[in-house]
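In the working numbering, the protein residues as written are -11 to 174.
Glycine included, each C-beta is placed from N, C-alpha and C at the ideal position.
Bear in mind that the values here come from a model prediction, so they are computed numbers and not experimental data.
Quick notes on the structure that follows.
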């Protein structure tokens, strides 16, 4: 995939002249002075969910937001949400969470790049998941109902599974005394 716009802006920051920085600073100061509030995740001023507003505020701005500030979702064009970011509240396209669960990742094991910000950035059923250092689109897995029994010994120390989707029928991928294996839920 390609890196998000948020990563490109750092490269462009060095190309901005002093006048552009002054305008940016003035916009930030005015939005703070006006006391512009955002309605995170589609909530109105009392914190309730607004009817007819789908999705939630994205983790990061990945496209140029509207230049107009906002105080509530209904201040935004149809379909956009009023979301608070570092520079104040702006109207942006909402993010949507896809079904499924991100696979377990070890810290520091993935590429340190942001290939996605939310599930909305990923094709098909893929989800935007933490890879140990950055975020990337990956195929999710489904968590089966039930819970794992207390870990018990297995003949060999091994990882027989990594998630429930790799186990047959209703079996779950459960921790053993020395790894993970498929077993019946309790």
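Spatial neighbours of residue 154 within its chain, please: C-beta separation below 7 Å, excluding the five flanking residues on both sides.
Here residue 154 corresponds to residue number 166 of the chain shown, with the count starting at 1. Taken in chain order, the residues that qualify are 161.
Using only the alpha-carbon positions, how far apart do residue 92 and residue 99 sit?
Indexing the chain shown from 1 puts residue 92 at position 104. Indexing the chain shown from 1 puts residue 99 at position 111. If I take the Cα positions, the gap works out to 15 Å.
Please tell me whether residue 109 and residue 86 are closer than 7 Å, where the distance is taken between their beta carbons.
Residue 109 sits at position 121 when you count from the first residue of the chain shown. Residue 86 sits at position 98 when you count from the first residue of the chain shown. For residue 109 and residue 86, no; Cβs fall outside 7 Å.
Going along the chain, which residues of its own chain have a beta-carbon closer than 8 Å to the beta-carbon of residue 170, five neighbours each way excluded?
Within the chain shown, residue 170 is the residue found at index 182, counting from 1. Result list for residue 170: 148, 149, 154, 155, 156, 159, 160, 161 and 162, in chain order.
In whole angstroms, what is the alpha-carbon distance linking residue 61 and residue 80?
Locating residue 61 in the chain shown gives position 73, counting from the first residue. Locating residue 80 in the chain shown gives position 92, counting from the first residue. Taking the straight line from one Cα to the other gives about 10 Å.
Is residue 48 near residue 137, with beta carbons less than 7 Å apart?
On the chain shown, residue 48 is found 60 positions in, with the first residue counted as 1. On the chain shown, residue 137 is found 149 positions in, with the first residue counted as 1. No, the Cβ-Cβ distance between residue 48 and residue 137 is not below 7 Å.
Go through the region 95 to 159 residue by residue and report every complete run of the beta strand (DSSP E) that reaches 3 residues or more, in order.
As far as the region 95 to 159 is concerned, its whole beta strand (DSSP E) runs of at least 3 residues are 115 to 118 and 123 to 126.
Closest to residue 64 by CA distance: which of 145, 168 and 42 is it?
As a working note, residue 64 is residue 76 in the chain shown. When only C-alpha atoms are compared, the closest one is 42.
Please name the residue or residues paired with residue 170 in a DSSP beta bridge.
Reading the chain shown from its first residue, position 182 is the one you call residue 170. Residue 170 is bridged to 161.
My guess is that residue 133 and residue 90 are in contact by the Cβ rule of under 8 Å, so how many angstroms apart are they, rounded?
Indexing the chain shown from 1 puts residue 133 at position 145. Indexing the chain shown from 1 puts residue 90 at position 102. Their Cβ separation, rounded to whole angstroms, is 19 Å, which puts residue 133 and residue 90 out of contact at 8 Å.
Candidates 66, 116 and 73: which alpha carbon is nearest residue 88's?
Within the chain shown, the letter at position 100 stands for residue 88. Nearest of 66, 116 and 73 to residue 88, Cα basis: 116.
Buried or exposed for residue 152, please, with buried defined as at least 16 other CB atoms from any protein chain shown within 10 angstroms of its CB.
Residue numbering aside, residue 152 sits at position 164 when the chain shown is read from its first letter. When all chains shown are included, residue 152 counts as buried.
Could you check which residue in 174, 74 and 67 has the C-alpha nearest to that of residue 83?
Against the chain shown, residue 83 aligns to sequence position 95. Among 174, 74 and 67, the Cα nearest to that of residue 83 is on 67.
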